[in-house]
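One structure is given below, encoded as structure tokens.
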Amino acid sequence: MSQTKLILSVNAGSSSIKLSVYSASHCATPVSLVKSSVSGLTSPPATFSYSNNANKGHKVEDQESGDVTDQSSALELFLRHLGQDESLKEHGTGEIELVVHRVVHGGLFREAAVLSEETIKEIEDLTDLAPLHNAAALALVKLATQQLPKAINIAYFDTTFHTRSIPPHVYTYPLDPEMVQRKKIRKYGFHGISYLFVLKEAAEFLQKPPEVTSLISLHLGSGASAVAIKNGKSIDTTMGLTPLEGLPGATRSGSIDPSLVFHYTSEGSSLARSSTKELHISIAEEILNKRAGWYSMVGTTDFGKVVKGMNGGDEKMKLAFDLFVDRIVGYVGNYFVKLGGDVDALTFSGGIGEKSEELRKAVVDKVACLGFKLDTPASAKIGGVVTRLGPKVLVIKTDEEYEMALECAQDKRFWE
Ligand SMILES: Nc1ncnc2c1ncn2[C@@H]1O[C@H](COP(=O)(O)OP(=O)(O)O)[C@@H](O)[C@H]1O
Ligand SMILES: CC(=O)OP(=O)(O)O
Ligand SMILES: [Mg+2]
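Residue numbers for the sequence shown follow UniProt numbering, beginning at 1 and rising by one.
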């Protein structure tokens, strides 16, 4: 029997940070001890929750945390609460030994990477290609290294699930091959940790091995994307070189006519004021990443408020909702064709996918011509990890933190 270790999973999204602690041993299923999150980072004040599964464990429910303004201050708050959580001392050495970080852009890394000076440098070089994510993730790595000095830090990448299998004619952009090669310009794809979790859960639910399971999966959160999974492998996804391509999001435009940039502002290529030493962001990139999406259309990053406003008769909110549905169903149609109609399920995940019955109903109604339908009321309670809403429609509560801990428990590099 191998030793038990405490793993801390750190999932820095664009509007939230999700943190979980697991007790794990090599090749065993990690046991969840603590779940915590800070949400609403783009619509302050942020909300902090902490819950230990043990009866006597530490608990904080939806506490407004005005002084938490970014992912790093969120991790500091979490670590203060973790320090007060006596029950963790009963597991393993009582100290966090492995910290697994979700790093959104992993370029061509083919597997998880132990964070060293060299791998951190490689990730730093990708920072400008995930302007809302990579710099924040690296700041968290630095903080975790300072505050948990004995732990090994490991990066799990959103990109690997896609870069392992998307074929060249899909990942190549029609541009000068010399420049493409030199600048490593290609579709990378993101949300891959979430899609791997969704694939495994959908396959188990459908009682099929993942290797023969085909899905159209939607990850709809602050950042939104879709993927076509053929026999367990990503064959296309909507995000590209950066997480900006494809579907619109809370503050992101998604795909637009590239010429629009030059019409929008004559200073598009100048550096934005928010550029830092670590992150170079042009004015155009700032507008399309941080000042677009439903935030720009209706002034909120919370899609729940978009739905509420629409239901209350607000026409602008309805436009934002309809536009999102339109772009989603366009990709569902596209991927249905790419999968030759061989689709085991259409799955919904992410904050919006898991919580908005209106959005799910609108999407499924529009793709009814492809054979998808709801036979369970759209208002059905979403319980457990997988909820079936129709013959080929599933809601899957994604868990990137668990997926990273599971992969870590299975990787012999961390247990020798
Ligand atoms: N009840 C709800 N209805 C619709 N959308 C919701 C609801 N609750 C939360 N959301 C949306 O989910 C988003 C967060 O999704 P999540 O996947 O957790 O975020 P992130 O992209 O930061 O990882 C929020 O920004 C909000 O737009
Ligand atoms: C890649 C991405 O957009 O991630 P998130 O939705 O967590 O911000
Ligand atoms: Mg997320």
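Cβ coordinates follow ideal geometry from the N, Cα and C atoms, glycine included.
Per DSSP, which one or two residues make a beta bridge with residue i?
i: H81; result: DSSP, once it has assigned bridges, lists no residue as partnering H81.
i: V395; result: F348, T387
i: N52; result: V34
i: D236; result: A228
i: I152; result: L98
i: L271; result: S282
i: F157; result: V103
i: T69; result: DSSP output for T69 lists no bridge partner at all.
i: T47; result: S39, E64
i: A74; result: None, per the DSSP bridge assignment.
i: A113; result: A155
Could you give the residue range of the beta strand (DSSP E) that holds residue i?
i: R102; result: 96-103
i: V21; result: 17-24
i: I7; result: 5-12
i: residue 417; result: Beyond the ends of the chain as shown, which are 1 and 416, falls residue 417; an answer cannot be given.
i: S65; result: 59-65
Along the chain, where does the alpha helix (DSSP H) that runs through residue i open and close?
i: V141; result: 134-147
i: Q410; result: 400-410
i: D365; result: 357-366
i: D326; result: 315-338
i: G106; result: Unbroken run through G106: none, as it is neither H nor E.
i: G309; result: 303-311
i: E178; result: 177-183
i: A292; result: That residue, A292, is in no alpha helix (DSSP H); it is neither H nor E in DSSP.
i: F414; result: Counting along the chain, F414 falls outside any alpha helix (DSSP H), and DSSP gives it neither H nor E.
i: K200; result: 192-206
i: T251; result: Counting along the chain, T251 falls outside any alpha helix (DSSP H), and DSSP gives it neither H nor E.
i: residue 424; result: Nothing in the structure corresponds to residue 424, since the chain is present only between 1 and 416.
i: Y171; result: 168-171
i: T119; result: 117-124
Between residue i and ligand 3, is there a pair consisting of the residue's CB and a ligand heavy atom that are separated by less than 7 angstroms?
i: G13; result: yes
i: G221; result: yes
i: G350; result: yes
Shorter than 7 angstroms, the distance from the beta carbon of residue i to the closest heavy atom of ligand 1, or not?
i: K355; result: yes
i: S16; result: yes
i: A250; result: yes
i: V307; result: yes
For residue i, verify whether its CB is less than 7 angstroms away from any heavy atom of ligand 2.
i: D302; result: no
i: P243; result: yes
i: F109; result: no
i: F197; result: no
i: H133; result: yes
i: V38; result: no
i: V261; result: no
i: D158; result: yes
i: H191; result: yes
i: V104; result: yes
May I ask you to check if the CB of residue i is nearer than 7 angstroms to at least one heavy atom of ligand 4?
i: I17; result: Ligands in the displayed structure: ligand 1, ligand 2 and ligand 3; ligand 4 is not one of them.
With a threshold of 8 angstroms, are at least 3 pairs of Cβ atoms found where one atom belongs to the segment 327-343 and the other to the segment 285-295?
no
Does the pairing of the segment 160-174 with the segment 231-246 give three or more beta-carbon distances under 8 angstroms?
yes
Does the pairing of the segment 91-109 with the segment 172-181 give three or more beta-carbon distances under 8 angstroms?
no
When you compare the segment 190-199 with the segment 384-403, are there three or more beta-carbon pairs, one atom per stretch, that lie closer than 8 angstroms?
Contact between the segment 190-199 and the segment 384-403 is present: 3 or more CB-CB pairs across the two stretches fall below 8 angstroms.
Given 8 angstroms as the limit, is there contact between the segment 62-75 and the segment 140-152, that is, 3 or more CB pairs closer than that?
The segment 62-75 vs the segment 140-152: in contact.
Should the segment 333-349 be regarded as contacting the segment 388-396, the criterion being three or more beta carbon pairs within less than 8 angstroms?
yes
Three or more C-beta pairs closer than 8 angstroms, one from the segment 295-304 and one from the segment 268-280: is that the case here?
no
Specify whether the segment 409-416 and the segment 366-386 touch according to this definition: at least 3 beta carbon pairs, one from each stretch, less than 8 angstroms apart.
no
Stretch pair the segment 346-363 + the segment 212-221: three plus CB contacts closer than 8 angstroms
yes
Does the segment 126-136 come close enough to the segment 110-117 that 3 or more CB-CB pairs lie under 8 angstroms?
As far as the Cβ criterion goes, the segment 110-117 does not touch the segment 126-136, which means the pair count is below three.
Inter-stretch contact (C-beta, 8 angstroms, three-pair minimum) for the segment 30-39 and the segment 11-22
yes
Specify whether the segment 52-71 and the segment 146-156 touch according to this definition: at least 3 beta carbon pairs, one from each stretch, less than 8 angstroms apart.
no
Could you say if the segment 43-54 and the segment 27-35 meet the contact criterion of at least three C-beta pairs nearer than 8 angstroms?
In short, these stretches touch, since the Cβ pair count reaches three.
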